[in-house]
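J.: In full-length UniProt numbering, the protein residues as written are 1 to 250. Encoded as structure tokens, here's the structure I'll be asking about.
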Amino acid sequence: MPLAKESISHEVGPAQYQAFGGACQVSVTEENGGGASARGSHSLASLAYNAVSDMIRHRKLGGGHVIVEARLAETLGVSRTPLREALQRLEGEGLVHKGDGRNYVVRHVDIGEYIQSLKLRLLIEPEAAVQAMGSIPSRKLIEVRHEIDDLMGTTSYHTDAHWFSDDHLHGLIIDHCGNDVMAQVLRNLRATTRLFEIGRLKDRLTPDSTEHLMIIDALQRQEADDVRRTVANHIASLIDFARKHLNMTD
Numbered sequence: 001m002p003l004a005k006e007s008i009s010h011e012v013g014p015a016q017y018q019a020f021g022g023a024c025q026v027s028v029t030e031e032n033g034g035g036a037s038a039r040g041s042h043s044l045a046s047l048a049y050n051a052v053s054d055m056i057r058h059r060k061l062g063g064g065h066v067i068v069e070a071r072l073a074e075t076l077g078v079s080r081t082p083l084r085e086a087l088q089r090l091e092g093e094g095l096v097h098k099g100d101g102r103n104y105v106v107r108h109v110d111i112g113e114y115i116q117s118l119k120l121r122l123l124i125e126p127e128a129a130v131q132a133m134g135s136i137p138s139r140k141l142i143e144v145r146h147e148i149d150d151l152m153g154t155t156s157y158h159t160d161a162h163w164f165s166d167d168h169l170h171g172l173i174i175d176h177c178g179n180d181v182m183a184q185v186l187r188n189l190r191a192t193t194r195l196f197e198i199g200r201l202k203d204r205l206t207p208d209s210t211e212h213l214m215i216i217d218a219l220q221r222q223e224a225d226d227v228r229r230t231v232a233n234h235i236a237s238l239i240d241f242a243r244k245h246l247n248m249t250d
């Protein structure tokens, strides 16, 4: 379900521009002297990365959108050099790719690739969680539990908080599984599933939170079978949700 490919200058809201622009001004003042200049350039690239990532996450840059560097750089208030560094980083993460011309394009993920990616996660991530079971610091699991409690207790829905909590738990599994190849595969798969533009994300808050708490319980008990089962059930739930939401029979 790709969004309409509108001009980027029409897609960036004032709040985003002001927040990014203010940060840029701070970074630019650091660019006096050799070391400060390098730090300022790195800071601008990081700011550009965060801004573009946020725009992709919030579908302000939808799948298939052609990124015109000059226009985007002007909108964000930076030069093309830090923006290009940011886009190269996003390319390495699988969020954008080079199109037929010289421009980057936001990667488009259709329902088929989304489901296939979830099915591969279903095969790999439960085992990764078992491998990570004894290595994840207890305080980190407690942090995620508190985040989930806050999410479920709030009266209004916040997409960013939902994404952050999801990234936190799955990131702990990936970062502590002890297998660099498996970790990279899972990072790539999560990038793919995140890019799929599915609506009604709010409807996933309760099942996601409940399933995440079950995973945390199993990880804290260090019960391998329960860890494997709860992670598998969570990913299977995502597949079922997508099929039901899109009226898929297979």
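All C-beta atoms in this analysis are idealised placements derived from N, C-alpha and C, irrespective of residue type, glycine included. Bear in mind the structure is a predicted one, so any value in this text is a computation, not a measurement.
Excluding five sequence neighbours on each side, which residues of the same chain lie with their C-beta closer than 6 Å to the C-beta of T230?
T.: Along the sequence shown, read from residue 1 onward, the residue named residue 230 stands at position 230. These residues qualify, in order along the chain: M214, I215, A218.
J.: For F241, I'd like the list of residues in its chain whose CB is within less than 8 Å of its CB, leaving aside the five on either flank, ordered along the chain.
T.: The residue labelled residue 241 in the question sits at position 241 within the sequence shown. Here the set comprises D203, R204, P207.
J.: Using DSSP with H/G/I as helix, E/B as strand and the rest coil, what is Y104?
T.: Numbered from 1 along the sequence shown, position 104 holds the residue referred to as residue 104. Looking at Y104 - three-state DSSP - the assignment turns out to be strand.
J.: Locate the alpha helix (DSSP H) running through H65, then write down its first and last residues.
T.: On the sequence shown, residue 65 is found 65 positions in, with the first residue counted as 1. Looking at the DSSP string, H65 is not in any alpha helix (DSSP H), and its letter there is neither H nor E.
J.: Per DSSP, which one or two residues make a beta bridge with K98?
T.: Translated into the one-based positions of the sequence shown, residue 98 becomes position 98. Paired residue(s): Y104.
J.: Assuming contact is defined by CB atoms lying nearer than 8 Å, are H97 and V105 in contact in what I supplied?
T.: In the sequence shown, residue 97 corresponds to position 97, counting from 1. In the sequence shown, residue 105 corresponds to position 105, counting from 1. Annotated as proximal: H97 and V105, with beta-carbon spacing under 8 Å.
J.: Can you tell me the Cα-Cα spacing of A23 and S53, whole angstroms?
T.: Position 23 of the sequence shown, counted from the start, is the residue given in the question as residue 23. Position 53 of the sequence shown, counted from the start, is the residue given in the question as residue 53. Residue placement at A23 is flagged as unreliable, the pLDDT there being 38, under the threshold of 50; the coordinate-derived value follows with that caveat. If you take the alpha carbons of A23 and S53, they lie about 16 Å apart.
J.: With the cut-off set at 8 Å, would you say I94 and R102 are in Cβ contact?
T.: Locating residue 94 in the sequence shown gives position 94, where the first residue counts as 1. Locating residue 102 in the sequence shown gives position 102, where the first residue counts as 1. Contrary to the premise, residue 94 reads as Gly rather than Ile in this sequence. No, they are not a contact pair.
J.: Taking Q88 as the reference, which of D225, D166, S46 has the closest Cα?
T.: For this step, residue 88 is matched to residue 88 along the sequence shown. The candidate whose alpha carbon is nearest that of Q88 is S46.
J.: Is the separation between the beta-carbon of I235 and that of E113 shorter than 8 Å?
T.: Position 235 of the sequence shown, counting from 1, holds the residue named residue 235. Position 113 of the sequence shown, counting from 1, holds the residue named residue 113. It is not a contact, given that the beta carbons lie outside the stated cut-off.
J.: Does S135 come out as helix, strand or coil in the three-state DSSP assignment?
T.: Along the sequence shown, read from residue 1 onward, the residue named residue 135 stands at position 135. Three-state result, S135: coil.
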